[in-house]
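One structure below.
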Amino acid sequence: MSTATLPTQDQIDSFQRDGVVLVRGLFGDWVETIRAGIERNMSEPGPYAAENLKAGESGRFFDDYCNWTRIPEFEAAIRESPAAEVAARLMGSRTVQIFHDHVLVKEPGTSKPTPWHQDSPYYFVEGEQTVSFWSPMDPVGEASLRCVAGSHKWAKPVLPTRWLSEENFYPDEGAYMPVPDPDAEPGKYRVLEWEMQPGDAVAFSFKTLHGARGNDATTRRRAFSLRLLGDDARYVTRPGRTSPPFPGHGMADGQRLREDWFPTIYRA
3 MSTATLPTQD QIDSFQRDGV VLVRGLFGDW VETIRAGIER NMSEPGPYAA
53 ENLKAGESGR FFDDYCNWTR IPEFEAAIRE SPAAEVAARL MGSRTVQIFH
103 DHVLVKEPGT SKPTPWHQDS PYYFVEGEQT VSFWSPMDPV GEASLRCVAG
153 SHKWAKPVLP TRWLSEENFY PDEGAYMPVP DPDAEPGKYR VLEWEMQPGD
203 AVAFSFKTLH GARGNDATTR RRAFSLRLLG DDARYVTRPG RTSPPFPGHG
253 MADGQRLRED WFPTIYRA
């Protein structure tokens, strides 16, 4: 891998400070491969596949996750692209484990936005060394991912909700803060978003508040996300069923995630 692909110190500093940074061309050599994987995923959806629109809402918003072990295009991109080493450098971690992949597709005319949320509260993993890559497989402008700078350092996590029913994911016993609305209070939050080309990636912490615009364009918006874990990531029990659930995992609080399910793909 050429050193030009690796994050600069400025990018590392931005990721640590803001909880988010843009990495141009991260999957640039893998766009056609990932597009083929997305088509395979949509024609052969997994058990967690979902359609995220209510009756009467326009377009189509498909998502599915945890498919890399059965979709060879995804596994190749995950294992052979620079993503793992870039993640290690951004996180300041000597090791990188796969957590899971996630595909999100908004067809043209899908006006529904992706709700504001943090990923971490949905997951059964805690740690400061985490990174999600969100990479569009189509050019994006107004349909881009949006992240709130510094939200990974908030004192309380944001209460997770179900995207379709809008119900709370867990009982709210004061451990979580309500979902903020950065659009309603634009002066209170620094929202970062970028126009992106296929293969560019936004790297952000599991604890970074983010959402995405609806896709009012005449072209599709296919996005491939990859969630990776660093040295300090550990299993934690949540107050309900997590997403993804990974049934039968057999892990206990404080353990590193089991290597047979969540393999290490990079060691410094």
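Start counting the sequence shown at 3; every next residue gets the next number (the working numbering). All C-beta atoms in this analysis are idealised placements derived from N, C-alpha and C, irrespective of residue type, glycine included. Being a predicted model, the structure only gives us computed values, none of them experimental.
Distance check for residue j and residue i, CA to CA, integer angstroms please.
| i | j | result |
| --- | --- | --- |
| Leu24 | Ser122 | 20 angstroms |
| Ser137 | Phe64 | 16 angstroms |
| Glu144 | Val33 | 20 angstroms |
| Ala52 | Arg42 | 15 angstroms |
| Thr244 | Pro115 | 22 angstroms |
| Pro74 | Asp103 | 12 angstroms |
| Thr132 | Ser207 | 6 angstroms |
| Gly201 | His212 | 19 angstroms |
| Met179 | His119 | 11 angstroms |
| Arg272 | Met139 | Residue 272 lies beyond the residue range present for the chain, which begins at 3 and ends at 270; the question has no answer from this structure. |
| Ser83 | Ser95 | 18 angstroms |
| Ser239 | Asp255 | Sequence inspection shows Thr at residue 239; the Ser mentioned does not correspond to that position. Cα to Cα, Thr239 sits roughly 6 angstroms from Asp255. |
| Phe135 | Ala57 | 31 angstroms |
| Glu261 | Gln99 | 8 angstroms |
| Leu92 | Pro49 | 32 angstroms |
| Gly252 | Asp218 | 43 angstroms |
In the DSSP assignment, find the beta strand (DSSP E) that holds residue i and state where it starts and stops.
| i | result |
| --- | --- |
| Leu231 | Arg223 to Leu231 |
| Leu106 | Thr97 to Lys108 |
| Ala186 | Ala186 -> no beta strand (DSSP E), and no H or E assigned at all. |
| Arg240 | Segment: none, Arg240 is in no beta strand (DSSP E) and carries neither H nor E. |
| Phe17 | From DSSP, Phe17 is part of no beta strand (DSSP E) but of the alpha helix (DSSP H) over Gln11 to Asp20. |
| Asp66 | Phe63 to Tyr67 |
| Tyr268 | Thr266 to Arg269 |
| Ala205 | Ala203 to Phe206 |
| His212 | His212 to Ala214 |
| His119 | Thr116 to His119 |
Start and end of the alpha helix (DSSP H) containing residue i?
| i | result |
| --- | --- |
| Ala79 | Pro74 to Glu82 |
| Arg91 | Ala85 to Met93 |
| Thr35 | Val33 to Ser45 |
Residue i: buried (16+ other C-beta within 10 angstroms of its C-beta) or exposed?
| i | result |
| --- | --- |
| Ser45 | exposed |
| Arg229 | buried |
| Met3 | Here the model assigns Met3 a pLDDT of 41, short of 50, so the residue's position is not dependable, and the following value carries that caveat. By the neighbour-count rule (16 or more Cβ atoms within 10 Å), Met3 is not buried but exposed. |
| Arg19 | exposed |
| Thr220 | exposed |
| Lys158 | exposed |
| Glu169 | exposed |
| Lys190 | exposed |
| Glu187 | exposed |
| Gln257 | exposed |
| Ala163 | Looking at the sequence provided, one finds Thr at residue 163 rather than Ala. Per the 10 Å Cβ criterion, buried. |
With residue i and residue j assumed to form a contact (beta carbons below 8 angstroms), what rounded beta-carbon distance in angstroms separates them?
| i | j | result |
| --- | --- | --- |
| Gly21 | Ser146 | Actually they do not touch by this definition, with Cβ atoms about 17 angstroms apart. |
| Phe29 | Ile36 | 6 angstroms |
| Phe171 | Tyr124 | 7 angstroms |
| Arg215 | Val107 | That pair is no contact at about 14 angstroms. |
| Ser60 | Thr112 | 7 angstroms |
| Phe264 | Phe101 | 6 angstroms |
| Val193 | Pro182 | Their Cβ separation, rounded to whole angstroms, is 11 angstroms, which puts Val193 and Pro182 out of contact at 8 angstroms. |
| Arg81 | Ile267 | 6 angstroms |
Ordered list of beta strand (DSSP E) runs contained in the segment 124-152, each at least 3 residues:
Complete beta strand (DSSP E) runs here, min 3: 132-138 and 147-150.
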